[in-house]
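Report on the following structure.
Protein chains: 2
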Amino acid sequence: MVKRSRTFEPAWRDAPPGGESYRSIFMYDTDTVKHPGAAWLTIVKKAFGMTDADFKQRKQEGDEKVVLDKKSRLSTDQVSRFTNIVGEENVQTDDYSRVKYGHGKSLDENIELRRNRVGDVPDIVVHPRNKADVQTIVAYCNDQKIPIIVYSGGSSVVLGLRAERGGVALVLGTHMNKVLTVNDVNQTATVQPGLMGPDYENTLNNAPELFGTKLRYTCGHFPQSFAISSVGGWILTLGSGQESTYYGDAYDIVLSQEYITPAGVIKTLDYPGTATGPKVNDIMKGSEGAFGILVEATMKIFRSMPENHQRFAFLFPSWQAAVDASREIIQGEFGLPAVYRISDPEETEIGLTLHGIGNTAWDRLLILRGFLPMKRSLCIGTVEGEKGYAKHVKKRITKIARRHGAQSLTSYAAREWEKSRYSEFFVREDFLDYGIVIDTLESGVTWDNLDRLYSAVRSQVKKSPGVLCLTHASHFYPQGTNLYFIFMMKPEEPEAYATFRAEIIDTIVRHGGSLSHHHGIGKLFAPWMEKHLGKEQMNVLKALKRHFDPNAIMNPGGQLGLDGEENPVP
Amino acid sequence: MVKRSRTFEPAWRDAPPGGESYRSIFMYDTDTVKHPGAAWLTIVKKAFGMTDADFKQRKQEGDEKVVLDKKSRLSTDQVSRFTNIVGEENVQTDDYSRVKYGHGKSLDENIELRRNRVGDVPDIVVHPRNKADVQTIVAYCNDQKIPIIVYSGGSSVVLGLRAERGGVALVLGTHMNKVLTVNDVNQTATVQPGLMGPDYENTLNNAPELFGTKLRYTCGHFPQSFAISSVGGWILTLGSGQESTYYGDAYDIVLSQEYITPAGVIKTLDYPGTATGPKVNDIMKGSEGAFGILVEATMKIFRSMPENHQRFAFLFPSWQAAVDASREIIQGEFGLPAVYRISDPEETEIGLTLHGIGNTAWDRLLILRGFLPMKRSLCIGTVEGEKGYAKHVKKRITKIARRHGAQSLTSYAAREWEKSRYSEFFVREDFLDYGIVIDTLESGVTWDNLDRLYSAVRSQVKKSPGVLCLTHASHFYPQGTNLYFIFMMKPEEPEAYATFRAEIIDTIVRHGGSLSHHHGIGKLFAPWMEKHLGKEQMNVLKALKRHFDPNAIMNPGGQLGLDGEENPVP
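Heads up: the sequence lines are chains C and Y, in that order.
Be aware that the first sequence starts at 100, since it is given in our numbering, and climbs by one per residue.
Be aware that the second sequence starts at 100, since it is given in our numbering, and climbs by one per residue.
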């Protein structure tokens, strides 16, 4: 919308990372990376008191070749055994593979790799070809007490893949990555766990050609990590897609599953509803690799009707007005929007600037009308479903938004958001090249506790000068929503950020927010689990852990707080 | 609609049961009992070759005073301890109370009581006043290894309340039966477990007067047992209400819960969404008293908008047409009906007769139009929600039904059904007085397995001559539905029915139906659990059982198949 004179542009990195470099591990492997624009640059310069001079020299880019000074814990015999199971071509023991498949996408891992520091990694990387391979490997590892950590999309931001005790990184994305069947009658797809988001969605969209179905389908699950995450990962970490308000969370869209655990194979049955005791199918979800290995899942799928897709965007005079309107919308029983997202004033300002609305004539008009900077609140969304339904939902939303003082921004802002819905977080690398840290925390919260949690986190954040904190709510339920906090800062040393983050997590738990809404727990949040859930709930999870994994070989070393130093498996 | 000459009417029983009689235990304690009409009489006479003479003498009415020839297993000291905890007025050890609170509403218990036969019953009946009482009782019983069985609504039809090993019947409906708070912001109600359906719904409907809320609410859960079942029972047995297609099953409408178990208090937190490992809140649901005692629950509630309530009814030319249309409706993504029910041809004929349509001019017209007896299929339903939404859903349903050859019956049939929605099963007593047995089984099933399961059960049923089998599907999901089988027969001896039922259950399990869709498992279905779920899933449930209840005091003796003779808790 707005033209700026580009007097200066940082030397953003365009060169791809070298073949076996640290950078090749922490960089997102995608073609869609876009460098931060001029608007972004203005924002961060102002926020962190930076000048053009600070953007002249990239630092700690991690271009060095990976060198691992860590001997394998496995004997030659053990390595041979894995080779015998899956074939030589599916086993790696080289330094680079061990480091690559031992890392997720957390900020912590990123910063460590940029400094060429490598913590605990697996001793061997194994790419199973099928269920039978997995079963043989689990039996062998259980016998030999060799840890197993499953690597699928590799997008964990919570140290979920850290091999605290070495062992095997079991890579499911290499071979076990297919849609096996699409069932037109039940509206389900049976898939392998290593199936990546885009492959899944493309297959469903083209199901008539590929599986002879009558209709086209959609998976309904579109997390920001869509391009780099797998269906198995969605289930195991309890993910939420950007359209979860309509389609449900990952938890809701799994009909049945098959797991291989040290305690045997758990294969749940295909029932739309059942009353046969506590649901083992649900117990397995969110187990983050600590109980067993998901080898197959039957997912609920949805009719693909892109022709009915519509967008909306509003500006509310205040965050409170946006929250109130959203609650009325979500509780209104007229159907639900798909994407639905409200930004707090700080995120709204940045959002308006990035979407090209800030500082335009349009913006000045909005201000004149009472939509004041650092007060106003941006809302964007989409509707899906059958034509009349989608139309009705949009109409009702518009009516309620207006009653709460909102001004329509047409569908422009939503369209802008859609363009970068999966790539927004890729700017992280460019900023980190210049020492600027971006990280996120998110928390589930009931409506009546939203303001308390929001205020508490904001005031904790503002104790640290020079931190940007962008907040939005993006997954809505009749009983509440989530708060998604994006932090940007330029710490002297990365350690300062870790301290800052721990204080925010403390604040979230103390003020009744969920420890995680959709990122999972991994080993990063595990130390807070008992404080959050209480000893009794943790004991239930530990009892399950002992049942499934008596030798503590499944993602051991603190995953979910089930067997860490402080929580040894008896 | 239709007038019949009433040449004969059986002497249906009008006298209420005597104060301490067996009949007072198995009879439904309700004012809404209506005797079977002439149409019913014609149907059963024809089906079972009965004449007026067979309806002259009622048999085994169970009017005798309860006598229990069973010494209490508890010592005087133990009884005193309970008296000390809850007060003398809240403890009963008399024969009648022990029998009353040791029985649910299964056909098996009914027939036993009619014959003055009493199996295992509790040794003592205790009415706790609050959570603290429950906690003290659980601790004491765990120490003394005294079994505890919770009695709330007492409507179990699966021997869920049978005190196989004696012990305490803990009656929650006496004191712990209130709505504690209604939260207008979160749309939740916090309730005690012994709260009965009608009390809950009335309180929510009148929340503005009782709790000062802005809006009126509904609980959204209306099982046929609504009048005689409790909120705690809904959760613990995974019930489904008649409007579950819109509001969800009991499983779906529980936000958080508090349980007292031998392993401590499990109090889950109020989050609309969370990704903090396997959900303990869900693990507790469906535990049928085998893990611990639910003492408080926060339920999701819904806006009460009776002004938008609408009904519809259709006649389809065939069961297959009804099934196909229903699937298209439920998968259509235009919103969902609330009540939605399709009857198979056998149930349709009886339904049309009972609703006064069969054998009328209207009926003859329908037949002329090709809706043939024993082919055609009745569909009734309602819509709820916001006005425009409800209207749109009804419009779309009508359109799809018509495309599948349906003829509208106006809202007449649905209105007729609504009148008896909670009392339909009360005719059971009148028929049993004359030796006619009515019982039900129900099963969850995916769309692609529906025909196979339906056909298998029908052919198994028809191996026994003189059995009526009415089938409907009444809880719909995008991935499938349930089949609800109503059996009527006049066996020489009740044992013949038990054999018949076991064969049907075998058939259901063998043909991929869920062992229970919404009645739970209790001790009646427990012997099938391992065959149904498999050893590995049962081992998970047993591991949880051992964790929560190491001394096997919580509803022991086979509940859910977790600690029966064949499944001892180690």
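Even glycine gets a Cβ: it sits at the ideal position worked out from N, Cα and C.
As the structure is a computational prediction, the values presented were derived from the model and not from experiment.
{"Query": "On the CB-based measure, 16 or more other CB atoms within 10 Å of its CB, does residue 179 of chain C come out buried or exposed?", "Result": "exposed"}
{"Query": "Below 6 Å CB to CB, which residues in the same chain sit around residue 546 of chain C once its five sequence neighbours on both sides are set aside?", "Result": "426 and 579"}
{"Query": "What do you reckon, are the CB atoms on residue 283 of chain C and residue 314 of chain C nearer than 8 Å?", "Result": "yes"}
{"Query": "Does the distance from the C-beta atom of residue 252 of chain C to that of residue 272 of chain C stay below 8 Å?", "Result": "yes"}
{"Query": "Mind checking if residue 120 of chain Y is an interface residue toward chain C, Cβ cutoff 8 Å exclusive?", "Result": "no"}
{"Query": "Taking a cut of 9 Å between CB atoms, which residues from the stretch 494-506 of chain Y lie near chain C?", "Result": "494 and 495"}
{"Query": "Starting from residue 439 of chain C, find everything on chain Y with Cβ-Cβ shorter than 7 Å and list it in chain order.", "Result": "Residues of chain Y passing the Cβ test: none, with the nearest at roughly 13 Å."}
{"Query": "Is the CB-CB distance between residue 400 of chain C and residue 481 of chain C below 8 Å?", "Result": "no"}
{"Query": "Determine whether the beta carbon atoms of residue 421 of chain Y and residue 478 of chain Y lie at a separation below 8 Å.", "Result": "yes"}
{"Query": "Is residue 521 of chain Y helix, strand or coil by DSSP?", "Result": "coil"}
{"Query": "So what does residue 134 of chain C bridge to, in DSSP terms?", "Result": "The partner list for residue 134 of chain C (beta bridge, DSSP) is empty, contrary to what the question assumes."}
{"Query": "What are the partner residues of residue 581 of chain C, as DSSP defines its beta bridges?", "Result": "C:543"}
{"Query": "So which residues of chain C does residue 135 of chain Y contact, with C-beta pairs closer than 7 Å?", "Result": "Near residue 135 of chain Y there are no residues of chain C at all, since even the closest Cβ is about 29 Å away, more than 7 Å."}
{"Query": "Just grab the DSSP bridge partners of residue 395 of chain Y for me.", "Result": "Y:357"}
{"Query": "Could you tell me whether any Cβ in chain D is nearer than 8 Å to the Cβ of residue 558 of chain Y?", "Result": "In the structure shown, chain D does not exist; the protein chains are C and Y."}
{"Query": "Tell me, which residues are paired with residue 441 of chain C by DSSP?", "Result": "C:478 and C:572"}
{"Query": "Using the Cα positions of residue 249 of chain Y and residue 305 of chain Y, report the straight-line distance between them to the nearest angstrom.", "Result": "29 Å"}
{"Query": "Rounded to the nearest angstrom, what separates residue 191 of chain Y and residue 201 of chain Y at their Cα positions?", "Result": "12 Å"}
{"Query": "From the DSSP output, in three-state form, read off residue 156 of chain C for me.", "Result": "coil"}
{"Query": "Can you pull the chain C neighbours of residue 337 of chain Y, defined as C-beta to C-beta under 7 Å?", "Result": "374"}
{"Query": "Taking Cβ-Cβ distances shorter than 8 Å, what residues in chain Y pair up with residue 379 of chain C?", "Result": "632, 636, 639 and 640"}
{"Query": "Helix, strand or coil for residue 470 of chain Y per DSSP?", "Result": "coil"}
{"Query": "Tell me whether residue 396 of chain Y counts as near the ligand PLP, meaning its Cβ is closer than 7 Å to at least one heavy atom of that ligand.", "Result": "Of ligands this structure carries none, so the ligand PLP is not represented either."}
{"Query": "If the cut is a Cβ gap below 7 Å, which residues of chain Y does residue 172 of chain C touch?", "Result": "Within 7 Å Cβ-Cβ: nothing; residue 172 of chain C doesn't reach chain Y, min ~28 Å."}
{"Query": "What whole-angstrom Cβ distance do residue 126 of chain C and residue 445 of chain C have, given they're in contact under 8 Å?", "Result": "That belief does not hold up - the Cβ atoms of residue 126 of chain C and residue 445 of chain C are roughly 28 Å apart, past 8 Å."}
{"Query": "Quick one: using the 10 Å Cβ neighbour count with 16 as the cut-off for buried, is residue 558 of chain Y buried or exposed?", "Result": "exposed"}
{"Query": "Within 8 Å (strictly less), CB to CB, does residue 386 of chain Y reach chain C?", "Result": "yes"}
{"Query": "Please confirm whether residue 284 of chain Y has its beta-carbon closer than 8 Å to some beta-carbon of chain C.", "Result": "yes"}
{"Query": "Nearest-angstrom Cα distance between residue 563 of chain Y and residue 599 of chain Y?", "Result": "8 Å"}
{"Query": "Looking at the C-beta of residue 605 of chain C, does it have a partner C-beta in chain Y at a distance below 8 Å?", "Result": "no"}
{"Query": "Can we say the stretch 373-387 of chain Y touches the stretch 403-419 of chain Y, given the rule of at least three CB pairs closer than 8 Å?", "Result": "no"}
{"Query": "What's the gap between the Cα of residue 100 of chain Y and the Cα of residue 460 of chain Y?", "Result": "Legend: pLDDT at residue 100 of chain Y = 43, less than 50; position of this residue unreliable, value from coordinates given subsequently. Each residue's Cα considered, the two are about 11 Å apart."}
{"Query": "Kindly list, in the order they appear in chain C, the residues whose Cβ is closer than 9 Å to that of residue 362 of chain Y.", "Result": "635, 638, 639 and 642"}
{"Query": "Hey, how far is the Cα of residue 299 of chain Y from the Cα of residue 416 of chain C?", "Result": "39 Å"}
{"Query": "Cα separation between residue 539 of chain Y and residue 595 of chain Y?", "Result": "15 Å"}
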